[in-house]
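J.:
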Amino acid sequence: VNALVLQEPGRASIETIPVPTTAGRGVLLKVRMVGFCGSDLNSFRGLNQLVSFPRIPGHEVSATIVHCEGIDGGLSVGTDVALNPYTSCGKCASCRRGRSNACQFNQTLGVQRDGALTEFVVMPPEKLYPAKLTPKELCLVEPLTIGFHAVARGRVTANGGDWHASNVSRRGRRSGVYW
Amino acid sequence: VAFTGRVVYIGYAKEPVSYETRLFVQKELDVLGSRNAQLEDFQSVIKLLEARKFPVNEAVSLIVPLREAAQALRSWSEHPSQFKKILVSLD
Numbered sequence: 043v044n045a046l047v048l049q050e051p052g053r054a055s056i057e058t059i060p061v062p063t064t065a066g067r068g069v070l071l072k073v074r075m076v077g078f079c080g081s082d083l084n085s086f087r088g089l090n091q092l093v094s095f096p097r098i099p100g101h102e103v104s105a106t107i108v109h110c111e112g113i114d115g116g117l118s119v120g121t122d123v124a125l126n127p128y129t130s131c132g133k134c135a136s137c138r139r140g141r142s143n144a145c146q147f148n149q150t151l152g153v154q155r156d157g158a159l160t161e162f163v164v165m166p167p168e169k170l171y172p173a174k175l176t177p178k179e180l181c182l183v184e185p186l187t188i189g190f191h192a193v194a195r196g197r198v199t200a201n202g203g204d205w206h207a208s209n210v211s212r213r214g215r216r217s218g219v220y221w
Numbered sequence: 845v846a847f848t849g850r851v852v853y854i855g856y857a858k859e860p861v862s863y864e865t866r867l868f869v870q871k872e873l874d875v876l877g878s879r880n881a882q883l884e885d886f887q888s889v890i891k892l893l894e895a896r897k898f899p900v901n902e903a904v905s906l907i908v909p910l911r912e913a914a915q916a917l918r919s920w921s922e923h924p925s926q927f928k929k930i931l932v933s934l935d
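Protein chains in written order, with our numbering: chain A, 43 to 221; chain B, 845 to 935.
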């Protein structure tokens, strides 16, 4: 299958790579559409210190499930999904505090490991978010979550009121980790 | 920043940044980093998009097929201000 490969800073090309196998690894997805992130641009420019080369970029993904036999999680073939492109170790300080988004050993698709700018990828079922959205909309899910998370970190409220009082119950699960 | 205000850093700065840290103390600021996102953020964004409350078409400036993705990356690098979101179609 075809993939976009960043060979080194300033050099990108389309290459042929093997079709990924699902054996014991998760759900096979047909990639429909992928958004370029500013971090992909920085990787291309040689300014992303987290990336190594060669690397397939792409972590803003719209995909359709093509094979999920034997996978728990209530998923079915033909379902359109957005992806969570991060990993978490479950053991570091961040993970133990319920903040796996900041895992010390996180590997983001297309940064520390190959990403989704290819025709098929395999992902663990828990990293898939089914949604009734178009491919274009599904690509915007991940980039928009970055802003949502930053707003939550800043405890922003619509009326400038006391975030703690208004949100601690609604977002209690994550509130405790912010102080 | 207001007294007792909050500052959230998002995205990686390419160069070191220096500050007059006296103001951090004087205003007793909360200075926070923000990285990636949590499950709740994905759920909230999907809800927002499913409600068609986000101007998707205004956010996307270019859709190219995979064979043109490398060229799109070069164009974006050369003229970053001319693009918003670039999407690559693999259908």
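Built from N, CA and C at the ideal position, the CB exists for glycine as well.
1) With GLU184 of chain A as the anchor, note down where its alpha helix (DSSP H) starts and where it stops.
2) Determine the extent of the beta strand (DSSP E) in which PHE95 of chain A is found, giving its start and end residues.
3) Could you check the C-alpha separation between PRO96 of chain A and GLU50 of chain A for me, to the nearest Å?
4) By DSSP's criteria, VAL76 of chain A is part of a beta bridge. Which residues make up the other side?
5) Going by DSSP in three states, SER118 of chain A sits in which element: helix, strand or coil?
6) Just checking: is the beta-carbon of GLN882 of chain B within a distance shorter than 9 Å of some beta-carbon in chain A?
7) Mind checking if GLY218 of chain A is an interface residue toward chain B, Cβ cutoff 9 Å exclusive?
8) Are the segment 89-109 of chain A and the segment 131-141 of chain A in contact at 8 Å, needing three or more beta carbon pairs?
9) Would you call the CB atoms of THR94 of chain A and GLN154 of chain A closer than 9 Å?
10) From what residue to what residue does the alpha helix (DSSP H) around LEU892 of chain B run?
11) Which term fits LYS929 of chain B, buried or exposed, when burial requires 16 or more other beta carbons within 10 angstroms of its beta carbon?
12) Using a Cβ-Cβ cut-off of 9 Å, state whether PHE190 of chain A counts as contacting chain B.
13) CB-CB under 6 Å to VAL852 of chain B, same chain, minus the five flanking residues each way: which ones, in chain order?
14) Using a Cβ-Cβ cut-off of less than 7 Å, give me the residues of the segment 163-182 of chain A that come near chain B, in sequence order.
15) What's the gap between the Cα of ASN880 of chain B and the Cα of ALA192 of chain A?
16) Could you tell me which residues DSSP pairs with ALA45 of chain A in its beta bridges?
17) Which residue or residues does DSSP assign as beta-bridge partners of VAL69 of chain A?
18) Kindly indicate which three-state DSSP category SER905 of chain B falls into: helix, strand or coil?
19) Does any C-beta atom of chain B lie closer than 9 Å to the C-beta of PRO185 of chain A?
20) Which residue's Cα is closest to the Cα of ASP885 of chain B: A:THR199, A:ASN201, A:ARG197 and A:VAL183?
21) State the CB to CB distance for the pair SER55 of chain A and ALA914 of chain B, rounded to an integer number of angstroms; the pair is presumed to be in contact (CB under 8 Å).
22) Please report the straight-line C-alpha distance between LEU883 of chain B and ALA173 of chain A, rounded to a whole angstrom.
23) Pick from A:THR129, A:GLU161 and A:ILE188: whose alpha carbon is nearest that of SER933 of chain B?
24) Can you name the start and end residues of the alpha helix (DSSP H) that LEU876 of chain B belongs to?
25) Measuring from the CB of ILE56 of chain A, is there a heavy atom of the ligand NAD at a distance below 8 Å?
26) Near ARG215 of chain A, which residues of its chain fall below 6 Å by C-beta distance, leaving aside the five closest residues on each side in sequence?
T.: A quick look at the data gives this:
1) 177-195
2) No beta strand (DSSP E) holds PHE95 of chain A; DSSP gives it neither H nor E.
3) 6 Å
4) A:VAL103 and B:VAL932
5) coil
6) yes
7) Here the model assigns GLY218 of chain A a pLDDT of 36, short of 50, so the residue's position is not dependable, and the following value carries that caveat. Chain B, which has no Cβ nearer than 9 Å to the Cβ of GLY218 of chain A, makes this no.
8) no
9) Residue 94 of chain A is actually Ser in this sequence, not Thr. Taking 9 Å as the Cβ cut-off, SER94 of chain A and GLN154 of chain A qualify as a contacting pair.
10) 883-894
11) buried
12) yes
13) LEU876 and SER878
14) TYR171, ALA173, LYS174, LEU175, LYS178, GLU179, CYS181 and LEU182
15) 9 Å
16) A:GLU57 and A:THR160
17) A:MET165
18) strand
19) yes
20) A:VAL183
21) 6 Å
22) 14 Å
23) A:GLU161
24) That residue, LEU876 of chain B, is in no alpha helix (DSSP H); its beta strand (DSSP E) goes 874-878.
25) Absent from the structure shown: the ligand NAD. Ligands present: none.
26) With a pLDDT of only 46 at ARG215 of chain A, under the threshold of 50, the placement of this residue in the model should not be trusted, and no figure is reported.
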